[in-house]
Amino acid sequence: MNAPVDLVDVWRGDILESRHQGHAVICGADGEILEAWGDPQATIYPRSSCKMIQALPLVESGAADAHGLGVEQLALSCASHQGAHIHTDRVQVWLDSLGLADGDFRCGPQWPNDIPARNEIIRAHAAPCQIHNNCSGKHAGFLTLNRHLGGDADYELVDHPVQQACKAAFEEVTGETSPGYGIDGCSAPNFATSVHGLARAMSFFATAHDREDARSKAAVRLRDAMATFPALVAGETRACTELMRAMEGRVSIKTGAEGVFVAIIPEKRLGVALKIADGATRASESAIAAILVKLGVLDPAHPAARARMEPQIRNWRGTLCGHIAPTQALL
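Reading the sequence shown from the start, the letters are residues 243 to 573 in my numbering.
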């Protein structure tokens, strides 16, 4: 097994203060490794980076069409959203269309990361609901699939038909038998795979337009929904939204907790996956931006690219103290 390699440096003044290591893989159309850093076989939890995989059964089963889901709902099914009104209002309409209520979710309540939405709840002396959970779009998708399958209410359990469908799709597109699972922040099982497996899954999405089977057609719809509605996938101030906007719908990207990031690049028929060993988001954002620049799909001069790949470090007075940058290994 190869050790993680240096991917992102943190400078304060002229001195290297911190360094983030990790693993990354770029996969070609056939799932082969075109370039790798660290250990492609390192076992990881993809966390929320694999939401488009978890949404595959929703679409390929016919549940999405049977319940009239549009492109916005498909984008939300892949989202880790901010809990802003543009997210929660749409999820509420979706929930209403199923004749279900907030209590039918199994993701748990969460304070919105969107500051205006959070302040609105505080001013009302209220508490957040499950609809504010950043995974409520994914769970609305689970509920829709569950309605289609006729499963019981506890759709988040690993042996439930919903999660078994997700596991089957996950193992098939990663090309690996998952060695196990952990319980994610939203209570759904998160199946482990290798960094290569996750990148292979992204290349499946990137090349899905070449095929006509139900799963590939579902993959095209999901990846395109993400690229069409980047604000629904994450939200204002978020890397996923800002970088997808900068690439003008040509690339779909998704972050996951603990330093995971993936990219789907249809025009180049490439899939990308990376994992920062210490779980730092600041490093995963810098690394994914650097890889997207390296692959020629992100303009390094774009403000969103500069803000994520080489962000400045400023103190509370606004004084420039240092910067974050990808290592030469990535560049």
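By construction, the Cβ of each residue, glycine as well, lies at the ideal position given by its N, Cα and C atoms.
Cutoff 8 Å; reference residue i; Cβ partners in own chain excluding five residues on either side
i: residue 464; result: 294, 297, 298, 301, 316, 319, 320 and 447
i: residue 208; result: Only positions 243 to 573 of the chain appear in the structure, and residue 208 is not among them; the question remains open.
i: residue 429; result: 348, 349, 350 and 398
i: residue 344; result: 337, 371, 372 and 373
i: residue 369; result: 351 and 363
i: residue 422; result: 433 and 434
i: residue 339; result: 309 and 310
i: residue 385; result: 337, 340, 342, 346, 347 and 397
i: residue 255; result: 563 and 564
i: residue 486; result: 468, 469, 472, 475, 493, 494 and 495
Residue i, enclosing beta strand (DSSP E) - first and last residue
i: residue 512; result: 512-518
DSSP beta-bridge partners of residue i
i: residue 554; result: 565
i: residue 258; result: 253
i: residue 279; result: 266
i: residue 504; result: 496 and 515
i: residue 285; result: 436
i: residue 247; result: 264
Whole-angstrom C-beta distance between residue j and residue i, which should lie under 8 Å
i: residue 462; j: residue 288; result: Between residue 288 and residue 462 the Cβ distance is about 20 Å, and since that is not below 8 Å, they are no contact.
i: residue 348; j: residue 396; result: 7 Å
i: residue 280; j: residue 247; result: 5 Å
i: residue 569; j: residue 526; result: Wrong, their Cβ atoms sit about 14 Å apart, outside the cutoff.
i: residue 522; j: residue 262; result: 5 Å
i: residue 371; j: residue 322; result: 17 Å between Cβ atoms; not a contact.
i: residue 494; j: residue 469; result: 5 Å
i: residue 537; j: residue 547; result: Rounded, the Cβ-Cβ distance is 12 Å, inconsistent with contact.
i: residue 467; j: residue 313; result: 5 Å
i: residue 437; j: residue 284; result: 5 Å
i: residue 353; j: residue 565; result: Residue 353 to residue 565, Cβ: 31 Å. No contact.
i: residue 290; j: residue 387; result: At roughly 18 Å, the Cβ-Cβ gap does not stay under 8 Å, so residue 290 and residue 387 are not in contact.
i: residue 533; j: residue 514; result: 6 Å
i: residue 529; j: residue 269; result: In fact, because the Cβ distance is near 16 Å, the residues do not count as touching under 8 Å.
i: residue 451; j: residue 508; result: 6 Å
i: residue 606; j: residue 393; result: Nothing about residue 606 can be reported from this structure: the residues present for the chain run from 243 to 573 only.
i: residue 587; j: residue 443; result: This structure does not reach residue 587, given that the chain is present from 243 up to 573, and the question cannot be answered.
i: residue 249; j: residue 572; result: 6 Å
Alpha helix (DSSP H) segment containing residue i, residue limits
i: residue 294; result: 293-296
i: residue 341; result: No alpha helix (DSSP H) contains residue 341, which DSSP labels as neither H nor E.
i: residue 539; result: Run containing residue 539: none; DSSP gives neither H nor E here.
i: residue 272; result: Counting along the chain, residue 272 falls outside any alpha helix (DSSP H), and DSSP gives it neither H nor E.
i: residue 522; result: Per DSSP, residue 522 belongs to no alpha helix (DSSP H) and is neither H nor E.
i: residue 487; result: 481-488
i: residue 314; result: 313-319
i: residue 473; result: 472-475
i: residue 306; result: 305-308
7 Å CB neighbourhood of residue i in its chain, flanking five on each side removed
i: residue 356; result: 324, 325, 326 and 477
i: residue 244; result: 280 and 281
i: residue 473; result: 328 and 483
i: residue 418; result: 435, 436 and 439
i: residue 383; result: 297, 300 and 319
i: residue 512; result: 268, 269, 270, 445, 448 and 537
Other residues of its chain near residue i: CB distance less than 6 Å, five sequence neighbours each side excluded
i: residue 535; result: 542
i: residue 484; result: 546
i: residue 544; result: 488
i: residue 278; result: 267
i: residue 567; result: 251 and 552
i: residue 431; result: 400, 405 and 423
### Query
Could you give the uninterrupted runs of the alpha helix (DSSP H) lying entirely in the segment 401-466, keeping only those of 4 residues or more?
403-416 and 437-448
### Query
Fully enclosed by the segment 330-395, which alpha helix (DSSP H) runs are 4 residues long or longer?
357-365 and 378-391
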